[in-house]
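Some notes on the structure that comes next.
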């Protein structure tokens, strides 16, 4: 009598590749035009001054400058207050 199950199929042999989401350029660092600031699913972080929003909700710099993170209070659809992060790029003055 066999005490081990014969080699058949398994139901948990799958895994997805990492998506490498998150903040790519930290606040206070210099960002060039077009450089990716934040990769995200949905708009957890909102675009501020000199920051554009990509098709997949990626935030990227529209101008050269220093990256800043601030906060914005927004009213949700059920009248609750949400605090969202806002990424901005402040042009470096020479």
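Residue numbers (the numbering used here): 3 to 96.
Just so it is clear, CB atoms sit at the ideal spot from N, CA and C, and this is done for glycine as well.
query: C-beta atoms of residue 92 and residue 61 nearer than 8 Å; result: no
query: Nearest residue (CA-CA) to residue 43, options 29, 59, 49; result: 59
query: Buried versus exposed call for residue 49 [16 or more other C-beta atoms within 10 Å across all chains shown]; result: buried
query: Distance between residue 11 and residue 27 (C-alpha atoms, nearest Å); result: 44 Å
query: Which of helix, strand or coil DSSP assigns to residue 27; result: coil
query: Bounding residues of the beta strand (DSSP E) (the contiguous stretch that carries residue 86); result: 83-92
query: Residue 54: first and last residue of the uninterrupted beta strand (DSSP E) it sits in; result: 53-55
query: Straight-line Cα distance separating residue 74 from residue 121; result: Residue 121 lies beyond the stretch modelled for the chain, which goes from 3 to 96, so this question has no answer here.
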